[in-house]
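In short: position in the sequence shown from 1, add 7, done, that's our numbering.
Virtual Cβ for every residue (Gly too), placed ideally from N, Cα, C.
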Amino acid sequence: MNSFGPLSLLTPLDAAGLAFFLVTWLLTGWLIEHPPAARPSVTKIMSENRRKWMKVFVTREPRIFDAQIVASLRQGTSFFASTCILAIGGVLALISNTEPLRGVAVEVTMVDVPVFVWQVKLGVVALLLTNGFLKFVWANRVFGYCAVMMSAVPNDPADPDAAHMAGQAAELNIRAAMNFNRGLRSLYFALGALAWLVGPWALVIATLAVIWTVLSREFASLPRDILLKTKP
């Protein structure tokens, strides 16, 4: 009897495709968060702008505008968290009843695959969506911490605690944004993982497409050029 049990139903190519998918997902996130000094990512550039924001925040009066921005950021995390919940529910419903999906896949691939294999493939999508949900929820909470810290910053810019507390708020803002971005990447890769339903080569191609989409937006997008544009 095979020691791997039902997992033996997955082909070596499936395993290789999944390994490629997971490794590139982790490496993509690491590269975005730890870019080369000579070519910073949008995430890294925005982190510096968040620090600048908090420096200006200390001297701004009133601070209603800043509070509205943080509230807007929290609304964004709430929206994506809710979206993830709905998507997870849909995927779990498919896992419990794969027959409709199985019939379509057989017509496309001309291969009848065991139900367990479909469940494993959909399970990967569900795990990515769950990871995204957890990142969005944590980002929402950390943005809340940031809002509280901003509220505690003294109104007097000359107060010795003002700059320090504003710096703490900036770092909380950056951590919240980092988790929000991680949640977005999980959604991107969850969409790519759906291609595995067609086959391992489709998974590899979809993974490459997701990597290109994510990295091009971080390292070769028009918004990045605008952010790096210096004063004439």
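1. Give me the Cβ distance between Val65 and Ala173, rounded to the nearest whole Å; I'm assuming they're in contact under 8 Å.
2. Once DSSP output is grouped into helix, strand and coil, what is the label at Asp163?
3. Measure the Cβ-Cβ separation of Ser89 and Phe226 and say whether it is below 8 Å.
4. Is it true that the region 175-185 meets the region 151-164, where meeting means three or more beta-carbon pairs spaced less than 8 Å apart?
5. Can you check whether the CB of Ile102 is closer than 8 Å to the CB of Phe140?
6. Measuring straight from C-alpha to C-alpha, what distance separates Ser79 and Leu222?
7. Reducing DSSP to helix, strand and coil, say where Val205 ends up.
8. With a Cβ-Cβ cutoff of 8 Å, do Phe143 and Thr84 count as a contact?
9. Relative to the alpha-carbon of Val98, which residue among Met61, Ile233, Leu204, Arg224 has its alpha-carbon at the smallest distance?
10. Measure the beta-carbon distance from Asn6 to Ser193 and round it to whole angstroms, keeping in mind my assumption that it falls under 8 Å.
11. Of the choices Val63, Gly190, Ile76, whose alpha-carbon is the least far from that of Asn162?
12. With distances taken Cα to Cα, identify the nearest neighbour of Gly190 among Gly151, Val127, Leu136.
13. Does the distance from the CB of Asn188 to the CB of Trp145 come in under 8 Å?
14. Going by beta carbon distance, what residues of the same chain come within less than 8 Å of Ala23, once the five residues before and after it are set aside?
15. For Arg70, which of Ala202, Pro164, Ala216, Leu198 has the nearest alpha-carbon?
On the basis of the supplied data:
1. Along the sequence shown, one-based indexing puts residue 65 at 58. Along the sequence shown, one-based indexing puts residue 173 at 166. Sure, about 5 Å apart at Cβ, within 8 Å.
2. Position 156 of the sequence shown, counted from the first residue, corresponds to residue 163. Looking at Asp163 - three-state DSSP - the assignment turns out to be coil, as it is neither helix nor strand.
3. Within the sequence shown, residue 89 is the residue found at index 82, counting from 1. Within the sequence shown, residue 226 is the residue found at index 219, counting from 1. No, they are not a contact pair.
4. yes
5. Residue numbering aside, residue 140 sits at position 133 when the sequence shown is read from its first letter. Residue numbering aside, residue 102 sits at position 95 when the sequence shown is read from its first letter. No, the pair does not count as a contact, with Cβ atoms beyond the cut-off.
6. Taking the first residue of the sequence shown as position 1, residue 79 is located at position 72. Taking the first residue of the sequence shown as position 1, residue 222 is located at position 215. Spanning the two alpha carbons is a distance of roughly 25 Å.
7. Sequence index remark: in the sequence shown, residue 205 carries index 198 (1-based). Coil at Val205, not helix or strand.
8. By 1-based counting over the sequence shown, the position of residue 143 is 136. By 1-based counting over the sequence shown, the position of residue 84 is 77. Their beta carbons are under 8 Å apart, which means Phe143 touches Thr84 by this criterion.
9. Locating residue 98 in the sequence shown gives position 91, counting from the first residue. Nearest C-alpha to Val98: Leu204.
10. Since the first and last residues shown for the chain are 8 and 239, residue 6 lies out of range.
11. On the sequence shown, position 155 is the one that residue 162 refers to. The option with the nearest alpha carbon to Asn162 is Val63.
12. Mapped onto the sequence shown, residue 190 falls at position 183. Closest option to Gly190, Cα to Cα, is Leu136.
13. Against the sequence shown, residue 188 aligns to sequence position 181. Against the sequence shown, residue 145 aligns to sequence position 138. Going by C-beta atoms, Asn188 is not nearer than 8 Å to Trp145.
14. The count along the sequence shown starts at 1 and reaches residue 23 at position 16. Closer than 8 Å at the Cβ level, and outside the excluded window around Ala23, lie Pro207.
15. For the purposes of this step, residue 70 is identified with residue 63 of the sequence shown, where counting begins at 1. Cα-wise, what sits closest to Arg70 is Pro164.
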